[in-house]
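Residue numbers (the numbering used here): 1 to 475.
Below you'll find the structure, written out as structure tokens, and then a few comments.
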Amino acid sequence: MVKPQKERKIRDIIERRDVCVLELDTMFEFWSPNIKPVVYNFKVYTNIQRLIWKQLTSENVKGYIDLREIREIRVGFSFKLYKRMKIDFKEDTCFTIFYGNEFNLQCIGLKCRKYEQCQLWIQGLTTLSKRYAVADFCNYNDVRIRRESIYLEHRDHAVKAGKNKKHFEARFSRKMSKRLSSEDISKYLKAFNVKRNSFYSEFSRVYRELIHCEKVLSSYFNYDGLIITENIISEFLELEQNENNINHNQLLSKFQFGEELEYELKLQTSHQLFLDYLFSKENEVWDPRHDVVNQDMNRPMTDYWIASSHNTYLTGDQLKSESSVEAYIRCLRMGCRCIEREFIFMDCWDGESSPIIYHGFTLTSKISFIDVLKVIKEHAFVTSDYPLILSIENHCKLSQQRIMAEEFKKIFGDMLLTEIVDEKAVLMPSPEQLKRKIIIKNKKLSMDHIIEDQLDQEQDVIKSGYLYLKDPFDS
């Protein structure tokens, strides 16, 4: 049996190998919903946590993605990109990156030369995006400082000479929402000493001096100079934060509050380390125990609140926006367990051969009912194994509803709940009993629809030349 420590080392080695591939210039055919395909050089810069693409013949940057903003990496092209493909291609040699902080994610498609190259990049980007997504504030703040220092170092050499006050103020004011006086700008520009330290070191020092607010610290602490001792920190955690059930020594050692720090280093950094703690995950209001489900999930389903989505298929307003299967994927990956609209989830209407989904009597675009079922099956249980409810309001005639029923069974297969879980049960089944099951919630047809369908069937019988006798005693 492999020991946990050895297992971690093996995993780290594999991760480093995956990342090394991404740090080399690699040519991909770049696909975007709005521009023609073009070949660019792609490379991951781990020091600033970005995927950057450039022109082949120059260092001109054409675009970038923050790795911590990557939400999904999907083999093959998205529906929107796939529609633009006018040539045959192997799906396993391309992938789509979905990224952003809004509900409607941006996406780019990358077409590789070989299958192996595609797999290495998917694996590497997945590893890095997951790692950076959970990185603490201190780590990400250092990345932000490094990005800004690189920008100023390469775009504005006047900063190093201590001259360009206007540009310096504009950058800091925009990034920090803080106005600087002319005297302050002059002082900080003169403080730049790139002969003594690297540009990043000097920039980082100035940045930390700018954001340091002595009033905040002095309102809580009575100390000499800038030293914050372990005792003061422990007292603050207990009295101000009410953190009584916390291992102070373990926490303080993580943020390097200790006597092992040399006096000069402590003089410069202890207040900053304390601020780093205030913005870290260790100081969040959210209880990390709730990162995973820790409640009793064996009660009837009716005892629980459920995460629901509304207007699931729409990417914008309810009158003229685009309907998209990507909206379903986004909702499912955000944790929704009931997909619906205010009145309708699947606003199902009659199509030429199979039902279609759109907001009836509006200018919203239409999407295929079958395409929606396929993406639901693929993404239903990525985030959670607990049951998924599909709430449907049906506008289709019976012939198309029969098609819907067949497609539900054909596409969902064993995932679809078709039988009563426990015939003797008095209460609804629990989420635990219904794990990885898809439940369809739909109103029964009115008598008008049933009579109309019977008339349609009778018309079909007459047309086909068959005559059936109806039993007058069969009600």
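We put the CB at the ideal spot given by N, CA and C, even for glycine.
Look at the alpha carbon of residue i and the alpha carbon of residue j, and state the distance between them as a whole number of angstroms.
i	j	result
ASN394	TRP305	25 Å
SER384	HIS359	28 Å
GLY63	CYS20	21 Å
TRP31	ILE108	6 Å
PRO288	ALA133	16 Å
ILE376	LEU239	49 Å
ALA161	SER198	Its pLDDT being 46, under 50, ALA161 is placed unreliably in this model, and the coordinates cannot settle the point.
ARG17	ALA135	20 Å
GLN295	PRO431	11 Å
THR126	LEU152	30 Å
LEU278	CYS336	31 Å
LEU105	LYS187	43 Å
SER58	LEU24	16 Å
LEU398	VAL61	56 Å
LYS441	CYS338	10 Å
LYS266	PHE137	Bear in mind that the predicted position of LYS266 carries a pLDDT of just 46, short of 50, making it too unreliable to give a figure here.
GLU243	PHE236	9 Å
ASP422	CYS396	32 Å
THR364	ALA327	14 Å
TYR40	HIS379	31 Å
ASN34	THR93	21 Å
TRP286	ARG113	45 Å
GLN123	GLU29	19 Å
PHE77	ASN47	29 Å
ILE329	ASN101	15 Å
PHE345	SER308	For PHE345, the predicted model reports a pLDDT of 40, less than 50, meaning its position is unreliable and no value from the coordinates is stated.
PHE381	LYS281	27 Å
ASN231	ASP291	31 Å
LYS409	MET297	27 Å
LYS90	LYS36	19 Å
TYR99	GLN318	24 Å
ARG131	ASP142	15 Å
ASP184	LEU210	10 Å
Specify, as a first and last residue, the run of the alpha helix (DSSP H) that residue i falls within.
i	result
GLU378	369-379
GLU326	325-333
PHE412	398-412
LEU476	It is not possible to answer for residue 476, since the shown part of the chain is limited to 1 through 475.
Note the first and the last residue of the continuous beta strand (DSSP E) segment covering residue i.
i	result
GLY63	61-66
TYR99	94-99
THR26	26-31
GLY478	What the structure shows of the chain is the stretch from 1 to 475, and residue 478 is not part of that stretch, so it cannot be assessed.
TRP53	50-54
GLU72	70-75
GLU393	388-394
ILE440	438-442
LYS90	Element bounds for LYS90: n/a, residue is neither H nor E.
VAL39	38-45
Measuring CA to CA, which of the options is closest to residue i?
i	options	result
GLU419	GLN433, PRO300 and THR315	GLN433
LYS111	VAL38, THR46, ARG144 and GLN123	VAL38
LEU56	PHE42, GLN49, ILE65 and LEU67	PHE42
ILE367	MET404, LEU24, VAL61 and LEU314	LEU314
PHE103	LEU398, LYS377 and HIS310	HIS310
ARG208	ILE145, LEU152 and PHE236	ILE145
PHE203	SER365, TYR328 and ARG147	ARG147
ARG205	ASN242, GLN272 and ILE232	GLN272
ASP303	LYS54, ASP276, LEU427 and VAL285	LEU427
LEU373	THR364, PHE236, GLU406 and TYR386	GLU406
ASP66	TYR45, CYS396, LYS54 and SER323	TYR45
GLU116	ASN231, VAL75, VAL325 and ASN139	VAL75
TYR386	TYR140, MET301, VAL325 and LEU275	MET301
CYS118	CYS331, TYR99, THR26 and GLN318	THR26
Please state if the CB of residue j and the CB of residue i are separated by a distance shorter than 8 Å.
i	j	result
SER149	TYR200	yes
ARG402	MET415	no
ILE389	ILE439	yes
SER354	PHE369	yes
ARG333	GLU72	yes
ARG50	SER129	no
ILE70	ILE52	no
LEU22	TRP121	yes
Relative to the ligand HEM, is the shortest distance from any of its heavy atoms to the C-beta of residue i smaller than 7 Å?
i	result
LYS409	Questions concerning the ligand HEM fall outside what the structure shown contains, since it holds no ligand whatsoever.
Measure from the C-beta of residue i to each C-beta in chain C and report whether the shortest distance is under 8 Å.
i	result
LEU152	This model lacks chain C altogether, as it is built from one protein chain only.
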